[in-house]
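In our numbering, the protein residues as written are -16 to 576. Here's the structure we're looking at; comments come further down.
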């Protein structure tokens, strides 16, 4: 969506519609003239433009795969997570705008515009409720305008099944009435199908792994929606730059690729509206993000074999472990071949990446000035991507137990072809499931189906392809795999004190030393004393003077609470206003343990 247009829309409408954060604590909407507005297509467009601000893509969401210097409350767990007084995601302003619009849209004179913009509104209502169901489970369903005296404001939560049924009705209307022309910044038929595949896959797998009726119904809806996008032939994967660059370039270029980005957030219009994805990666003051070794170990070898099947994989040094891997690894983290515009080796730095696996996804490869600039990136960010649709299709079919090699050939194979990886073979995967992906320390222990091998491989593919796009925590929730958050948050392995070349150019980039043995400082060389906490200029390894980088060794992680943490709590004030709202299991006011 064009952000400039959105801002303009908000300004134009400020005298017509007062914004609202919560359904229960605001006065009625400002009086909207029954004549003179909602008459033209432009009126309908202006009124629905602010709904695009609901779109977001969290490229820095922490999980078991991506951590930062300061861990999130979700990662730490325990009593770091409490019931908030207000906020906490229990906001209803966007729904209020949607229902206000749908109550008045028939005043317009253009029937085609009525259908189109009703489709836009119902698309966003389905998206709104998807976010609410993910977060809270059962929620009140509202599809009409409500005043402050309406008793429905104080009703209990509606069953999840009712809400999901209504969401499917909304998205099916959107699919039938939105235009089919490709439009990167405006929702269309294909965006609606992509959303349907996303939330039906979520619901189907949630019911399968948490226990619930009709899981297969939603998995079938997800597969069918994704297949319609595939068969539509409007989208294809971005391959410019070839196997070694296309994945990186897809996310770093200014303009969203209209072949792969079904919907993107527009950051490159003029005058430019920027974000800070590059400074998040490059600046020591922006979180110092890092992938975890657990995640890096899941990347296959370039020939399709498993990295973790090799002898000594646990203790390989950085240069050795990143050789001959799935090319998406070298296009997602700093690696020995990585350079910026000056074509000089650019080693990973622990001053900007806590565990050493330094992300470069969304980094704009133009200037080292990004080290210090904040809010300077202008690349469009993906909201819906064709790659996700392909993954949704494959996973839905795999969870149904109906996946065939032909299904893989029209989905996963395309993702692997982009980077020159061998295709996934269904029979081979099921005959020999990956023990690493099934292990208690790093894997998915609750996958037990006869075709678990291919389910694991699709999960591997999904994590790698969609890393930093805001999916990982949702995936762990729907798979009932919250325990993965409790698995090790470790980094690069070092065999002991000494000098290290992290680029392979024969020059030392890093020196690790024991107490009292610090060498003379060198320009461009990081130095850390082993056994000393990082905030005192040191580095902690898991085995004293050797082992994996363990930046967060001094943080007590309470762990994921299986009885509580699959849902968020409903805020205290909301339940005070509406005594019919019950709390989610395990959450109590005050501290939680």
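A virtual CB, placed ideally from N, CA and C, is assigned to each residue, including glycine.
Nearest neighbour of residue i, chosen from the options [CA to CA]
{"i": "residue 21", "options": "558, 88, 125, 409", "result": "88"}
{"i": "residue 517", "options": "73, 70, 337", "result": "337"}
{"i": "residue 441", "options": "373, 476, 472", "result": "373"}
{"i": "residue 134", "options": "568, 567, 563, 569", "result": "563"}
{"i": "residue 565", "options": "113, 142, 81, 102", "result": "142"}
{"i": "residue 399", "options": "419, 220, 500, 239", "result": "220"}
{"i": "residue 467", "options": "345, 407, 425, 403", "result": "425"}
{"i": "residue 327", "options": "333, 318, 62", "result": "318"}
{"i": "residue 316", "options": "249, 456, 346, 109", "result": "346"}
{"i": "residue 470", "options": "422, 511, 512", "result": "422"}
{"i": "residue 189", "options": "451, 416, 120, 152", "result": "120"}
{"i": "residue 226", "options": "333, 313, 164", "result": "313"}
{"i": "residue 303", "options": "485, 375, 360", "result": "485"}
{"i": "residue 92", "options": "73, 25, 512, 36", "result": "25"}
{"i": "residue 152", "options": "138, 183, 264, 504", "result": "183"}
{"i": "residue 237", "options": "511, 433, 257, 377", "result": "257"}
Terminal residues of the alpha helix (DSSP H) in which residue i lies
{"i": "residue 87", "result": "76 to 87"}
{"i": "residue 456", "result": "455 to 461"}
{"i": "residue 116", "result": "94 to 119"}
{"i": "residue 147", "result": "143 to 160"}
{"i": "residue 511", "result": "First-last for residue 511: 509 to 513, but that is the beta strand (DSSP E), not the alpha helix (DSSP H)."}
{"i": "residue 192", "result": "172 to 193"}
{"i": "residue 59", "result": "56 to 59"}
{"i": "residue 419", "result": "418 to 421"}
{"i": "residue 400", "result": "395 to 401"}
{"i": "residue 290", "result": "Where residue 290 is concerned, there is no enclosing alpha helix (DSSP H), given that its DSSP letter is neither H nor E."}
{"i": "residue 409", "result": "409 to 414"}
First through last residue of the beta strand (DSSP E) which encompasses residue i
{"i": "residue 365", "result": "364 to 368"}
{"i": "residue 569", "result": "No beta strand (DSSP E) contains residue 569, which DSSP labels as neither H nor E."}
{"i": "residue 245", "result": "244 to 248"}
{"i": "residue 40", "result": "Counting along the chain, residue 40 falls outside any beta strand (DSSP E), and DSSP gives it neither H nor E."}
Neighbour-count burial assignment, residue i, 16 or more Cβ in a 10 Å radius
{"i": "residue 557", "result": "buried"}
{"i": "residue 235", "result": "buried"}
{"i": "residue 571", "result": "exposed"}
{"i": "residue 8", "result": "Below a pLDDT of 50, predicted positions are generally treated as unreliable, and residue 8, at 34, falls in that range; the measurement from the model is reported next regardless. Exposed: under 16 other Cβ atoms inside 10 Å."}
{"i": "residue 11", "result": "For residue 11, the predicted model reports a pLDDT of 42, less than 50, meaning its position is unreliable and no value from the coordinates is stated."}
{"i": "residue 261", "result": "buried"}
{"i": "residue 45", "result": "buried"}
{"i": "residue 13", "result": "Only weak support is given to the placement of residue 13: the predicted model assigns it a pLDDT of 47, under 50, and the question is left unresolved by the model."}
{"i": "residue 476", "result": "buried"}
Those residues which DSSP pairs with residue i across a bridge
{"i": "residue 316", "result": "342"}
{"i": "residue 442", "result": "Paired residues: none, contrary to the question."}
{"i": "residue 308", "result": "284"}
{"i": "residue 258", "result": "360"}
{"i": "residue 50", "result": "273"}
{"i": "residue 524", "result": "527, 532"}
{"i": "residue 436", "result": "Its beta-bridge partners do not exist; DSSP assigns none."}
{"i": "residue 328", "result": "322"}
Backbone secondary structure at residue i - three-state DSSP
{"i": "residue 558", "result": "helix"}
{"i": "residue -13", "result": "Annotation note: pLDDT 33 at residue -13 (below 50); position unreliable, coordinate value reported separately. Residue state, collapsed to three classes: helix."}
{"i": "residue 478", "result": "coil"}
{"i": "residue 33", "result": "helix"}
{"i": "residue 530", "result": "strand"}
{"i": "residue 299", "result": "coil"}
{"i": "residue 472", "result": "coil"}
{"i": "residue 563", "result": "coil"}
{"i": "residue 215", "result": "helix"}
{"i": "residue 495", "result": "strand"}
{"i": "residue 386", "result": "coil"}
{"i": "residue 125", "result": "coil"}
{"i": "residue 486", "result": "coil"}
{"i": "residue 72", "result": "coil"}
{"i": "residue 225", "result": "coil"}
{"i": "residue 426", "result": "coil"}
{"i": "residue 322", "result": "strand"}
{"i": "residue 542", "result": "strand"}
{"i": "residue 452", "result": "coil"}
{"i": "residue 130", "result": "coil"}
{"i": "residue 138", "result": "coil"}
{"i": "residue 65", "result": "coil"}
{"i": "residue 392", "result": "helix"}
{"i": "residue 465", "result": "helix"}
Any C-beta of chain D under 9 Å from that of residue i
{"i": "residue 572", "result": "Absent here is chain D; the protein component of the structure consists of one chain."}
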